[in-house]
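The structure under discussion appears below in the form of structure tokens.
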Amino acid sequence: MSTLIYVELQKIFKKWRTYIGIIAIGVLVPIVQAALYFTGDGYIKSLTRGFQDSFLIVGNLFNGYLVANLILNSLFIHIPFLIVLVGGDLLASEATAGTYRMLLTRPVSRFQVVTAKFLAGFIYVTALLAWLAFLSLGVSCLIFGTGELLSFRGKLIIFAADDVLWRFASAYLFAMLSMGTVFAVSFFFSSLVENAIGPIVATMALIIILAVLSALPVDFLQNLSPYFFTSHMTLWNNFFNDPVDYADVLRSGLVLGGHILGLYLITTYIFLKKDILS
Amino acid sequence: MVSDQIIEVRGLTKKFKSLVAVNNLDLNVYRGDVFGFLGPNGAGKSTTIRMLLSLIKPTAGTIKIFGMPLNGNREKILRKVGAIVEKPDFYMYLSAYKNLEILGRLSGADTSKKKIMEMLELVGLAKRYKSKVKTYSHGMKQRLGIAQALMHDPELIILDEPTTGLDPQGMKEIRDLILYLSREKNKTIFLSSHILREVEIIASRMIIINKGTTQVEGTVDELLNTDKVSVTFETDDVEKAMNVLNFTMWNKCFKTKEKNQLILEMPNKEIADLNRHFIENGVNISAVIPVRSLEDYFLKITEGGGR
């Protein structure tokens, strides 16, 4: 199994499309950081305008934590697209290229093949988020320093500097579940077709459709909304609330985890039954 | 000996909705065979090969390879099988070397640089080992396909149209390689080919299928020699040859005559007797050309729907 995962990782990281996500994050985050570096003071002033006269603000509120939080909020919506570029390609590209015939005539079971691909894809998701964390949190802290974190959740919350890192760690772990679900959806679509474009478009379309449906003020849709994975994807934000609603986090984690497991099992079933005709 | 039967297929059937691609097919491949698998386009050859390699699931029937049912022993069997199924497709964005390394690793082969280069050398691609496969011609991919099939030193090699797209020299090299693998390395080869002459030259046993069913199966010699062959006797005096022929039991075999040729359809084993008879009766025979070939036989079988 480790050989298969190694082989799948080699295939993933030898493809140009894999680096689109890594490059996109590598370009966008520094742009945001540079913009904030030059205009950040004004941003903080506008945020704290309401209470500047009432409170004496000491210390560095415009710091790496705030920048990381802003980046996470602004980029999180775009990360799924970078995930599906790889997830949608994993199975479909083998069919497109005809390499299933090579791969599935090796003495490895189909279960192992599909599981190795799934795990390798998950490793890519983790690597992409780790890269995002490194740039947005690590580099931001180096550039802007550390300090208290200002968080806006309907109200202004200020977290002490020593109360922040675990929140980021938890948020990134939760983001793995969110992005893992997006990956699992694209992986599932990838098992159905023989062209990688289809799964990419289908996954993004599904995300948009579910997001739109949950936003519509219709009772029936509002009742369904808790079962949409899109309704739980941004729950990482909960870790920047005080207090953290752990019941909510757990519920969302279970929904997303259930989606990942369910989609993996369905994909595996389809793959095991599939006739390789390509 | 039972253990010498490498492939045993019984009642193999594959239906795609209403289309019956393979219908109740039986075949037997024995150790050391170069087994020719023939049939016209759409006869069910590729579907059969895909079932042998568990790429598609049969609707009915059983497949035993190395005496083990494929169902339930897939990995154990595939460890000893190397294959090319239709055109060899590779990971285009990887080099030939990397492709062999990946595929060899999954087959449990020795993937040391020495071994991989040895394989590339064998198929004449060593100089291009670093090039990405997307820069390869079809013929080069075909050679690489042979290399990947041999990487793990399999006992059974299944080759689906292995010389397609190769130039005449390349075809000969692959034919020689197949013969070498069979004779020197004692490999069992299952060879599907459209090039009938190729099968005639290198196969020891063969099967012809049509519309998914077995038409004939046996040794190439048996199958080619049991039927009448078309034979041309070249002579400087056709009329005299005709006169001699008319007083023999072979007069019924006469087909046609041309300027210097007398064409008959007769049992292969009697050609020598008739030739001797002509000479004893003063007919000069300058050449005896049996035109009975696998191609004739193949067309007869597939067009006629059987023997």
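Heads up: the protein sequence lines correspond to chains L and U, in order. The opening position of the first sequence corresponds to residue 1 in my numbering, with each subsequent residue numbered one higher. The opening position of the second sequence corresponds to residue 1 in my numbering, with each subsequent residue numbered one higher. No residue lacks a Cβ here, since even glycine has one placed at the ideal position from N, Cα and C. These figures come from a predicted structure and were not determined experimentally.
Assuming residue i and residue j make a contact with CB atoms under 8 angstroms, what is their CB distance in whole Å?
i, j, result
"Ala97 (chain L)", "Asp89 (chain U)", "5 angstroms"
"Leu103 (chain L)", "Phe187 (chain L)", "With 8 angstroms as the limit, Leu103 (chain L) and Phe187 (chain L) do not qualify as a contact, their Cβ atoms being about 16 angstroms apart."
"Glu8 (chain U)", "Lys64 (chain U)", "4 angstroms"
"Phe228 (chain L)", "Leu210 (chain L)", "4 angstroms"
"Leu82 (chain L)", "Gly42 (chain L)", "About 30 angstroms separates the two Cβ atoms, so there is no contact after all."
"Tyr93 (chain U)", "Lys134 (chain U)", "7 angstroms"
"Ile263 (chain U)", "Thr235 (chain U)", "About 12 angstroms separates the two Cβ atoms, so there is no contact after all."
"Met151 (chain U)", "Leu103 (chain U)", "7 angstroms"
Just how far apart, CA to CA, sit residue i and residue j?
i, j, result
"Lys259 (chain U)", "Ala149 (chain U)", "52 angstroms"
"Lys114 (chain U)", "Glu101 (chain U)", "11 angstroms"
"Lys155 (chain L)", "His78 (chain L)", "26 angstroms"
"Arg205 (chain U)", "Leu156 (chain U)", "15 angstroms"
"Ile44 (chain L)", "Asp275 (chain L)", "59 angstroms"
"Asp163 (chain L)", "Val81 (chain U)", "60 angstroms"
"Gly198 (chain L)", "Tyr91 (chain U)", "20 angstroms"
"Gly305 (chain U)", "Lys57 (chain U)", "Confidence in Gly305 (chain U) is poor, its pLDDT being 48 and thus under 50, which makes the residue's placement unreliable; the coordinate value appears in the next sentence. Cα to Cα, Gly305 (chain U) sits roughly 27 angstroms from Lys57 (chain U)."
"Thr188 (chain U)", "Ile49 (chain U)", "15 angstroms"
"Val108 (chain L)", "Pro217 (chain L)", "50 angstroms"
"Lys252 (chain U)", "Met242 (chain U)", "12 angstroms"
"Arg10 (chain U)", "Leu19 (chain U)", "20 angstroms"
"Arg307 (chain U)", "Thr267 (chain L)", "Low confidence applies to Arg307 (chain U): its pLDDT is 43, below 50, so where it sits in the model is not reliable enough to give any reading."
"Ser214 (chain L)", "Ile31 (chain L)", "32 angstroms"
"Lys273 (chain L)", "Lys76 (chain U)", "20 angstroms"
"Ser2 (chain L)", "Arg110 (chain L)", "15 angstroms"
"Ala24 (chain L)", "Asn41 (chain U)", "49 angstroms"
Label residue i either buried or exposed according to how many other C-beta atoms from any shown protein chain fall within 10 Å of its C-beta, with 16 as the threshold for buried.
i, result
"Ser190 (chain L)", "buried"
"Ala116 (chain L)", "buried"
"Pro154 (chain U)", "buried"
"His138 (chain U)", "exposed"
"Thr18 (chain L)", "buried"
"Trp250 (chain U)", "buried"
"Thr118 (chain L)", "Looking at the sequence provided, one finds Phe at residue 118 (chain L) rather than Thr. Label assigned to Phe118 (chain L): buried."
"Phe35 (chain U)", "buried"
"Tyr180 (chain U)", "exposed"
"Val212 (chain L)", "exposed"
"Leu265 (chain L)", "exposed"
"Glu200 (chain U)", "buried"
"Leu177 (chain L)", "buried"
"Met1 (chain U)", "Confidence is the limiting factor: at Met1 (chain U) the pLDDT is only 41, short of 50, which leaves the residue's position unreliable and the question unanswerable from this model."
"Asn238 (chain L)", "buried"
Pick out whichever of the options has its Cα sitting closest to the Cα of residue i.
i, options, result
"Leu25 (chain U)", "U:Lys252, U:Ile209 and U:Ala241", "U:Ile209"
"Ile200 (chain L)", "L:Leu156, L:Arg101, L:Gly88 and L:Lys14", "L:Gly88"
"Thr219 (chain U)", "U:Gly139, U:Arg74, U:Ile195 and U:Phe37", "U:Phe37"
"Pro226 (chain L)", "L:Ser252, L:Thr203, L:Val212 and L:Asn238", "L:Ser252"
"Ile202 (chain U)", "U:Thr213, U:Lys211, U:Ala96 and U:Phe190", "U:Phe190"
"Tyr246 (chain L)", "L:Ala171, L:Gln33 and L:Pro107", "L:Ala171"
"Lys45 (chain U)", "U:Ser18, U:Ile207, U:Ala60 and U:Glu265", "U:Ile207"
"Phe247 (chain U)", "U:Ala60, U:Ile146, U:Tyr180 and U:Asn281", "U:Asn281"
"Lys255 (chain U)", "U:Val229, U:Leu103 and U:Leu125", "U:Val229"
"Ala161 (chain L)", "L:Ala169, L:Phe168, L:Ala95 and L:Leu149", "L:Leu149"
"Lys11 (chain L)", "L:Ala95, L:Pro30 and L:Ala120", "L:Ala120"
"Leu196 (chain U)", "U:Leu177, U:Gln169 and U:Pro162", "U:Pro162"
"Leu27 (chain U)", "U:Thr214, U:Gly39 and U:Ala272", "U:Thr214"
"Lys15 (chain L)", "L:Tyr37, L:Ile71 and L:Ser93", "L:Ser93"
"His318 (chain U)", "U:Lys240, U:Glu118, U:Phe298 and U:Leu122", "Outside the shown range of chain U (1 to 307) lies residue 318 (chain U), about which nothing can therefore be said."
"Phe66 (chain U)", "U:Ile271, U:Ser95, U:Gly32 and U:Gly42", "U:Gly32"
"Gln142 (chain U)", "U:Arg183, U:Lys130 and U:Leu122", "U:Leu122"
Give a yes or no on whether the minimum CB-CB distance between residue i and chain C is below 8 angstroms.
i, result
"Ser107 (chain U)", "Given the protein chain composition of this structure (L and U), no chain C is represented."
Between the beta-carbon of residue i and the beta-carbon of residue j, is there less than 8 angstroms?
i, j, result
"Val114 (chain L)", "Phe271 (chain L)", "yes"
"Ser192 (chain U)", "Leu159 (chain U)", "yes"
"Ala68 (chain L)", "Ser151 (chain L)", "no"
"Tyr97 (chain U)", "Ile116 (chain U)", "yes"
"Val193 (chain L)", "Val84 (chain L)", "no"
"Phe159 (chain L)", "Trp236 (chain L)", "no"
"Lys14 (chain U)", "Met68 (chain U)", "no"
"Arg128 (chain U)", "Gly108 (chain U)", "no"
"Asn280 (chain L)", "Thr146 (chain L)", "As shown, chain L starts at 1 and ends at 278. That puts residue 280 (chain L) outside it, with no answer to give."
"Arg105 (chain U)", "Val7 (chain L)", "yes"
"Leu144 (chain U)", "Thr105 (chain L)", "no"
"Gln112 (chain L)", "Leu28 (chain L)", "no"
"Asp237 (chain U)", "Asn284 (chain U)", "yes"
"Asn275 (chain U)", "Val288 (chain U)", "yes"
"Ile6 (chain U)", "Val29 (chain U)", "yes"
"Phe240 (chain L)", "Arg167 (chain L)", "yes"
"Arg153 (chain L)", "Leu55 (chain U)", "no"
"Val285 (chain L)", "Met179 (chain L)", "Only positions 1 to 278 of chain L appear in the structure, and residue 285 (chain L) is not among them; the question remains open."
"Ala95 (chain L)", "Ser278 (chain L)", "yes"
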